[in-house]
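Novice: Supplied in structure tokens, the structure appears directly below.
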Amino acid sequence: MRTPTPLERSVADPRLWLKREDLDPSGSHKDRAAEHQLALAAARGERAVTISSSGNAAIATSRAAEAVGIRAIVYVHPATDPAKLIAIDGATTTIVVTERAINGAKLLARALHVPNLRASTNDDAVDGYVPLAGELAAQLEPDVDTVVVFATSGATALALARELHESRPGVEVHVVQGEGNAAIVEPDAAIDDASAHGAAAGRLGVRRSRRARDLMRAVEATGGAGHVVSAADVAAARAQLRRDDIDVSEESAANFAIARQLANAGRTVCCIISGAPARASGHQPPRIIAADEHDALETVAGMLGFELEG
Numbered sequence: 009m010r011t012p013t014p015l016e017r018s019v020a021d022p023r024l025w026l027k028r029e030d031l032d033p034s035g036s037h038k039d040r041a042a043e044h045q046l047a048l049a050a051a052r053g054e055r056a057v058t059i060s061s062s063g064n065a066a067i068a069t070s071r072a073a074e075a076v077g078i079r080a081i082v083y084v085h086p087a088t089d090p091a092k093l094i095a096i097d098g099a100t101t102t103i104v105v106t107e108r109a110i111n112g113a114k115l116l117a118r119a120l121h122v123p124n125l126r127a128s129t130n131d132d133a134v135d136g137y138v139p140l141a142g143e144l145a146a147q148l149e150p151d152v153d154t155v156v157v158f159a160t161s162g163a164t165a166l167a168l169a170r171e172l173h174e175s176r177p178g179v180e181v182h183v184v185q186g187e188g189n190a191a192i193v194e195p196d197a198a199i200d201d202a203s204a205h206g207a208a209a210g211r212l213g214v215r216r217s218r219r220a221r222d223l224m225r226a227v228e229a230t231g232g233a234g235h236v237v238s239a240a241d242v243a244a245a246r247a248q249l250r251r252d253d254i255d256v257s258e259e260s261a262a263n264f265a266i267a268r269q270l271a272n273a274g275r276t277v278c279c280i281i282s283g284a285p286a287r288a289s290g291h292q293p294p295r296i297i298a299a300d301e302h303d304a305l306e307t308v309a310g311m312l313g314f315e316l317e318g
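For the sequence shown, my numbering gives the first residue as 9, with consecutive numbering after it.
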């Protein structure tokens with residue numbers, strides 16, 4: 009991937025700095041973790057990896073796996089954005105579509121002894137985001153006192169909070185989640201897919217992350233906090249970002265919405281922007297439609313030449 013990505017003033021709101029991770033090859037900062045994880049997998053001699061993803065991590069993993077010649081079994085939910093599904097186009101990838109995508113990748117990893125690269129459970133993902141923190145530490149103007157980042161698994165935010173606490177003390181890291189799926193920043197709140205969250209940020213992300221406590225401790229150590237954003241605020245922020253000629257995910261629009269609120273409170277804010285539409289190559293990997301996490305396991309195992317135990 010091309011690094012460092014630019015740090016630019018927003019045209020729509022000149023108070024804000026935008027870290028343009030949407031300019032990564034796949035349109036997402038998820039390239040950083042995927043390339044790091046696949047390099048490690050190749051060094052270990054792994055034959056295959058798996059991941060469950062709502063889109064961006066799947067795209068990044070698919071392309072990084074092709075680059076190192078490793079098979080990638082990518083589990084996605086049927087409601088995944090069709091444009092993202094088409095962009096999961098690596099030549100070594102097989103896509104499994106199932107309502108139980110997260111459990112499917114877990115079962116495959118356990119049964120076939122292959123790495124599950126999902127950022128909520130794979131610590132190599134956190135390490136993959138450390139260079140992003142290093143870039144920010146070098147690029148941020150001295151008066152920037154706040155960085156805003158969305159949290160689904162929390163891997164990106166955890167890396168930023170830990171690293172910036174050391175390299176740029178005084179810079180607060182604030183994490184954002186979408187209304188109805190905010191278990192990291194509001195652990196006692198209900199997870200309600202029927203709420204505004206269904207049209208807002210984090211809709212297909214992990215519901216509970218094992219990183220939640222570590223993340224919030226790291227965020228609070230910087231002086232930062234967690235924030236919940238509504239679907240209405242996300243929609244308004246997306247409209248504002250289009251004035252910057254930026255078309256990105258709901259998650260990045262959520263970041264922008266909270267960044268503006270913090271700027272209104274007198275903060276000087278940098279906002280992580282990611283999740284631009286990825287350009288598809290036209291190659292379409294094999295696709296398996298599976299009823300549940302068990303349905304595709306035998307097919308995938310046979311395709312990979314793995315024998316199932318028992």
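Note that CB positions come from ideal geometry on N, CA and C, so glycine has one too.
Remember, predicted model here, so these are calculated numbers, not experimental data.
Just list the residues that DSSP pairs residue 185 with in beta bridges.
Specialist: 236
Novice: What does DSSP give as the partner residue(s) for residue 124 in the beta ladder?
Specialist: 58
Novice: Relative to the C-alpha of residue 226, which residue among 263, 159, 315 and 259 is closest?
Specialist: 159
Novice: Tell me whether residue 65 is buried or exposed, calling it buried when 16 or more other Cβ atoms sit within 10 Å of its Cβ.
Specialist: buried
Novice: Check residue 164 in the structure and name its three-state DSSP category.
Specialist: helix
Novice: Tell me the DSSP secondary structure of residue 171 in three-state form.
Specialist: helix
Novice: Does the distance from the C-beta atom of residue 320 to that of residue 308 stay below 8 Å?
Specialist: As displayed, the chain neither begins before 9 nor continues past 318, which places residue 320 out of reach and without an answer.
Novice: Which first and last residues belong to the beta strand (DSSP E) in which residue 16 is found?
Specialist: 15-17
Novice: Would you list the one or two residues that DSSP bridges to residue 314?
Specialist: In DSSP, residue 314 forms no bridge with anything.
Novice: Assuming contact is defined by CB atoms lying nearer than 8 Å, are residue 329 and residue 285 in contact in what I supplied?
Specialist: An answer regarding residue 329 cannot be provided, because it is not within the stretch 9 to 318 covered by the chain.
Novice: Could you check whether the stretch 132-151 touches the stretch 245-259, counting it as contact only if at least three pairs of C-beta atoms, one from each stretch, sit closer than 8 Å?
Specialist: no
Novice: Specify, as a first and last residue, the run of the beta strand (DSSP E) that residue 277 falls within.
Specialist: 277-281
Novice: Count the other C-beta atoms from every protein chain shown that fall within 10 angstroms of the C-beta of residue 283, then say buried if there are 16 or more, exposed otherwise.
Specialist: buried
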